[in-house]
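Numbering (the working numbering), first residue to last: 14 to 357. One structure is given below, encoded as structure tokens.
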């Protein structure tokens, strides 16, 4: 029964793992958006796999670049963190924002050089940052000709978290769609630790995760993060058991969560008292891989009779069933088909 509960929990997590793991701040990846025309100034701008490449050529004229509109930020925003790469030259970057009464204001500009990498703009201390706020554009002032800037992402830190809540530990998805890991070498769970404050944090920290049976898994690390900074935390050990693990909720109710599952649940001993099956109408290699991952041992599916016996008489299309059966048998999954409708 414990194995069964583990699989059920994994399935229940599938539609909840994603939401919330990036809740601490809002991030805009420039590479995911088509650049808009410059509001003013002279520069060429194009989208690349890494972000927006702004090339000023021989010009040293300032340019205002409309950015992908962020959501309206919560009251009293703390900071905007811009990740960029100066490929040549240098420039001053000025964020221009608007708040809900409709008044525009600018954060103090910062010089971006080849050593920058990221710029942290303090919004909280701006006297005009009242109410809900939105970043509208970036004003770029090149210091020299032939300045080239690659804009990668903009992070919007929108609250001031006191005490321990200044640190947030979220799951490092590493390109995965779901926070599911096998816990083995190369596929263990890791985390992203973020400093949600406007001050540097240096101290040890620990984060507790609990499963449904009350077992506790502790992630410990030594924190050294600049204001609004982040780093990857690779724990010394993986969780001791399979199943879902839940972090402690913070003051907003957010908590990190993930699951440790076997690469192929069908390789585990079968429970003679219970067979876990699902209803699934679509069979392809990706679906079969997912079924194996979750330990599904049987499926109920539906095939229209008109696909197998399209025109009646001797007109048979058994390949429609054979291909499905072949994939499932290779994985060790039993098939229970329901034939519906009639020949055409």
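Ideal placement from N, C-alpha and C gives every residue a C-beta, glycine not left out.
#1: Per DSSP, residue 3 forms a beta bridge with which residues?
#2: Would you report the Cα separation of residue 340 and residue 321, rounded to the nearest angstrom?
#3: Which residues bound the beta strand (DSSP E) around residue 336?
#4: By the three-class DSSP mapping on this structure, what secondary structure does residue 140 have?
#5: Could you tell me the distance, in whole angstroms, from the CA atom of residue 69 to the CA atom of residue 52?
#6: Measure the Cβ-Cβ separation of residue 194 and residue 273 and say whether it is below 7 Å.
#7: DSSP puts residue 61 in a beta bridge; with which residues?
#8: Within 10 angstroms of its Cβ, does residue 238 collect 16 or more other Cβ (buried), or is it exposed?
#9: Which runs of the beta strand (DSSP E), 3 residues or longer, sit entirely within the region 261 to 309?
#10: Just to confirm the assignment, what range does the beta strand (DSSP E) spanning residue 181 have?
#11: Please list, in chain order, all residues of the same chain as residue 288 whose beta carbon is under 8 Å from its beta carbon, the five residues on each side excluded.
#12: Based on Cα-Cα distance, which residue from 196, 190, 209 lies nearest to residue 135?
#13: Whole angstroms are fine: how far does the CA of residue 217 sit from the CA of residue 103?
#14: For residue 224, count the other beta carbons within 10 Å of its own beta carbon; 16 or more makes it buried, fewer makes it exposed. Which is it?
#15: Assess, as a yes-or-no matter, whether the region 181 to 199 is touched by the region 143 to 159 under the definition of 3 or more beta carbon pairs within less than 8 Å.
#16: Are residue 133 and residue 92 touching if we call contact CB-CB under 7 Å?
#17: Pull up the CB-CB distance for residue 203 and residue 246, whole angstroms please, since I reckon it's below 8 Å.
#18: When DSSP labels each residue in this structure, what does residue 258 get in the three-state scheme?
#19: Can you grab the Cα-Cα spacing for the pair residue 122 / residue 153, in whole Å?
#20: With a CB to CB cut of under 7 Å and the five nearest residues on each side skipped, what residues in its chain are close to residue 129?
#21: Quick one: give me the first and last residue of the beta strand (DSSP E) that residue 243 is part of.
#22: If we call anything under 7 Å between Cβ atoms a contact, is residue 301 one with residue 344?
#23: Could you name the residues of the same chain whose beta carbon sits closer than 6 Å to that of residue 164, not counting the 5 residues immediately before and after it, in chain order?
#24: For residue 126, does the count of other Cβ atoms within 10 angstroms reach 16, so buried, or fall short, so exposed?
#25: Given this structure, state the Cα-to-Cα distance separating residue 297 from residue 284, to the nearest angstrom.
#26: Suppose you measure from the CA of residue 318 to the CA of residue 353; what does that come to, to the nearest Å?
#27: Are residue 252 and residue 230 close, meaning C-beta to C-beta below 7 Å?
#28: In the DSSP output, which residue or residues are listed as bridge partners for residue 317?
#29: Let me know if residue 49 comes out buried or exposed under the rule of 16 or more other beta-carbons within 10 Å of its beta-carbon.
#30: Let me check understanding here. Comparing Cα to Cα, which of 67, 55, 61 lies closest to residue 73?
#31: Taking buried to mean at least 16 other C-beta atoms within 10 Å of its own C-beta, is residue 187 buried or exposed?
#32: Measure the CB-CB distance between residue 94 and residue 168 and report whether it falls below 7 Å.
#33: Under a Cβ-count criterion, where at least 16 other Cβ atoms within 10 Å of its own Cβ denotes burial, should residue 232 be classed as buried or exposed?
#34: Spatial neighbours of residue 111 within its chain, please: C-beta separation below 8 Å, excluding the five flanking residues on both sides.
In brief:
#1: Summary: the structure shown does not reach residue 3, with the chain confined to residues 14 through 357, and so no result is reported for it.
#2: Rounded to the nearest whole angstrom, the C-alpha separation of residue 340 and residue 321 is 18 Å.
#3: Premise fails: residue 336 lies in the alpha helix (DSSP H), 332 to 344, not in any beta strand (DSSP E).
#4: The three-state reading of DSSP puts residue 140 in coil, since its state is none of H, G, I, E or B.
#5: Answer to the nearest angstrom: the Cα atoms are 14 Å apart.
#6: Judged by beta-carbon spacing, residue 273 lies within the 7 Å limit of residue 194, meaning their Cβ atoms are closer than that value.
#7: 64.
#8: Answer is buried; the Cβ neighbour count reaches 16.
#9: Qualifying beta strand (DSSP E) stretches, in chain order: 270 to 273, 290 to 292.
#10: Taken as a continuous stretch (DSSP letters only), the beta strand (DSSP E) holding residue 181 covers 180 to 184.
#11: Correct list, in chain order: 310, 311.
#12: The shortest CA-to-CA distance from residue 135 to any of 196, 190, 209 is the one to 209.
#13: Linking residue 103 to residue 217 through their CA atoms gives a straight-line distance of about 37 Å.
#14: Counting Cβ neighbours within 10 Å, residue 224 comes out buried, since at least 16 surround it.
#15: They do not touch, by the three-pair rule.
#16: With contacts defined by Cβ atoms closer than 7 Å, residue 133 and residue 92 form a contacting pair.
#17: Yes, they are in contact, since the Cβ atoms of residue 203 and residue 246 sit about 6 Å apart, within 8 Å.
#18: For residue 258, the three-state secondary structure derived from DSSP is strand.
#19: A direct Cα-Cα distance of roughly 9 Å separates residue 122 from residue 153.
#20: The beta carbon of residue 129 lies closer than 7 Å to those of 97, 99 in the same chain, with the five residues before and after it left out.
#21: Counting along the chain, the beta strand (DSSP E) containing residue 243 begins and ends at 243 to 246.
#22: The criterion of a C-beta distance shorter than 7 Å is satisfied by residue 301 and residue 344.
#23: Apart from sequence neighbours up to five positions away, the residues of its chain that approach residue 164 with a beta-carbon distance below 6 Å are 43, 64, 65, 97, ordered along the chain.
#24: Around the beta carbon of residue 126, fewer than 16 other beta carbons lie within 10 angstroms, which makes this residue exposed.
#25: Approximately 26 Å, taken between the alpha carbons.
#26: Cα to Cα, residue 318 sits roughly 5 Å from residue 353.
#27: Result yes, Cβ atoms of residue 252 and residue 230 sit closer than 7 Å.
#28: Under DSSP, residue 317 takes part in a beta bridge, and its partners are 353.
#29: Under the 10 Å beta carbon count, residue 49 is surrounded by fewer than 16 other beta carbons and is classified as exposed.
#30: Among 67, 55, 61, the Cα nearest to that of residue 73 belongs to 55.
#31: Exposed, because fewer than 16 other Cβ atoms sit within 10 Å of the Cβ of residue 187.
#32: Going by C-beta atoms, residue 94 is nearer than 7 Å to residue 168.
#33: Here residue 232 is buried: its Cβ has 16 or more other Cβ atoms, across all protein chains shown, within 10 Å.
#34: Counting only Cβ-Cβ distances below 8 Å, and skipping sequence neighbours, we find 117, 118, 146, 147, 149.
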